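Engineer: Can you read through this structure? Questions will come right after.
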Amino acid sequence: MKIGVYFRPSSELAAEIASRVIDEGVKNGAEMYIEESLLKEPRAATIISSKRVRAFSFEKPEVDVIAVVGGDGTLLRALHMLGDHRIPVMTIRMGRRGFLLDVTPLEIPERISDLLRGKYNVVSYTRLSARIGNEKMPPALNEVSVVASTRSKVIRLKVYRDDKFVYYMEGDGVIVATPLGSTAYSMSAGGPILDHNLRGFVVTPLAPVQAWLRPVVFDLNTKIRVVLAENSIEGYVIVDGQASMEIPPGGAVLIEVHHEPARIIRFHDIDTLYERIFPRVI
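Heads up, the sequence shown is in our numbering, so the first residue is 82 and it goes up one at a time.
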């Protein structure tokens, strides 16, 4: 098996854990690779020089599995760079609150062994596509947010479901979240927790002036269009808190289910959604 490794380059701890992943992989007969952009980092250079490891790229990832070491942000960046490649991702978290990441550093030997013996499941998670005109953004695992470009100023927008008007709002913006992302930014804004098996997503208003506005859950096949009013300030469309794009007054963003889900490796005895929500998130 060919295993690629990606970690947060600014973290000494992440580099140390990544080194342990590589050691275990080599010990168990796997071919180990490190993501090529990390080669410029001194910590990664040390790993390369002292171990039997080669480089891979997210653009053409000729590996069977990618092991991501870090926090939720590191995983989200990795999935954005991976794009539509159907390569499953093994997740290794550094801290207690990595909601999306399962494996702890102490479990690395056991989980690498499980991986190589096929003792795991690949779980597919819904992602969202966001497009402004012809400009596509990376697929969103958690959410697509449309927010004001200037803090403390109100953005004015209209929400449409399949080209049918839903509501007009003034406020900080709106969040369109997947079931997985319903426990992230959307939940902090008062949105509901969606079961991960639910075929849908939630649209959550951010601090609306219209106090009666509430989150709405839509069917997965729905297309959501968010249009900035002509008299609104400029906004930003933000994917997973990572990638962003400006949207002018009168501009629109189309949000719909992405054709390729994210594929994340889950091991058989990992806790369920509800067992992890309270200790890690709430």
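We put the CB at the ideal spot given by N, CA and C, even for glycine. As the structure is a computational prediction, the values presented were derived from the model and not from experiment.
Going by C-alpha to C-alpha distance, which of SER118, VAL338 and GLU311 sits closest to PRO329?
Structural biologist: Here the question's residue 329 lines up with position 248 in the sequence shown. PRO329 has its Cα closest to that of GLU311, out of SER118, VAL338 and GLU311.
Engineer: Specify the secondary structure class of ARG192 as computed by DSSP and reduced to three states.
Structural biologist: Residue mapping note: residue 192 aligns to position 111 of the sequence shown, counting from 1. Note: ARG192 maps to helix in three-state DSSP.
Engineer: ALA324 bridges to which residues according to DSSP?
Structural biologist: Taking the sequence shown and counting its residues from 1, the one referred to as residue 324 is at position 243. Answer is VAL320, bridged to ALA324.
Engineer: Mind checking ASP244: buried by the 16 CB within 10 Å criterion, or exposed?
Structural biologist: As a working note, residue 244 is residue 163 in the sequence shown. Exposed, since its Cβ has fewer than 16 Cβ neighbours within 10 Å.
Engineer: Run through DSSP, which three-state label would TYR201 get?
Structural biologist: Start at 1 with the first residue of the sequence shown, and residue 201 comes out as number 120. If DSSP states are grouped into helix, strand and coil, TYR201 belongs with coil.
Engineer: Look up GLU216 in the DSSP assignment and give the residues it is bridged to.
Structural biologist: Your numbering for residue 216 matches position 135 in the sequence shown. Answer by DSSP bridge pairing, in chain order: ILE213.
Engineer: Short of 7 angstroms in beta carbon distance, which residues of its chain neighbour HIS339, apart from the five on each side in sequence? Order them along the chain.
Structural biologist: Here residue 339 refers to the residue found at position 258 when the sequence shown is read from its first residue. If we look at HIS339 and ignore the five residues flanking it on each side, its Cβ neighbours are ARG208, LEU209, SER210 and PRO220.
Engineer: When you compare only the Cα positions, how much space is there between VAL284 and VAL257?
Structural biologist: Here the question's residue 284 lines up with position 203 in the sequence shown. Here the question's residue 257 lines up with position 176 in the sequence shown. Using only the alpha carbons, I get a separation of about 4 angstroms.
Engineer: Look up VAL102 in the DSSP assignment and say whether it is helix, strand or coil.
Structural biologist: Position 21 of the sequence shown, counted from the start, is the residue given in the question as residue 102. Note: VAL102 maps to helix in three-state DSSP.
Engineer: Which runs of the alpha helix (DSSP H), 4 residues or longer, sit entirely within the segment 244-308?
Structural biologist: 266-269
Engineer: Which one or two residues does DSSP pair with SER226 in a beta bridge?
Structural biologist: Here residue 226 is taken as the residue at index 145 of the sequence shown, counted from 1. Paired residues: ILE256 and ILE319.
Engineer: Could you tell me the distance, in whole angstroms, from the CA atom of PHE88 to the CA atom of MET175?
Structural biologist: Within the sequence shown, numbered from 1, the residue matching residue 88 stands at position 7. Within the sequence shown, numbered from 1, the residue matching residue 175 stands at position 94. Cα to Cα, the separation comes out at about 10 angstroms.
Engineer: If you check the beta carbons only, do PRO296 and GLY316 fall under 8 angstroms apart?
Structural biologist: Taking the sequence shown and counting its residues from 1, the one referred to as residue 296 is at position 215. Taking the sequence shown and counting its residues from 1, the one referred to as residue 316 is at position 235. In this structure, GLY316 does not lie closer than 8 angstroms to PRO296 by Cβ.
Engineer: Does DSSP put GLU341 in a helix, a strand or coil?
Structural biologist: Your numbering for residue 341 matches position 260 in the sequence shown. If DSSP states are grouped into helix, strand and coil, GLU341 belongs with coil.
Engineer: Looking at ILE346 and TYR201, is the spacing between their C-beta atoms short of 8 angstroms?
Structural biologist: Within the sequence shown, numbered from 1, the residue matching residue 201 stands at position 120. Within the sequence shown, numbered from 1, the residue matching residue 346 stands at position 265. Closer than 8 angstroms, so yes.
Engineer: Can you check which of these residues, ASN109, ALA265 and SER205, is closest to VAL225 by C-alpha distance?
Structural biologist: Working through the sequence shown from its first residue, we reach residue 225 at position 144. VAL225 has its Cα closest to that of ALA265, out of ASN109, ALA265 and SER205.
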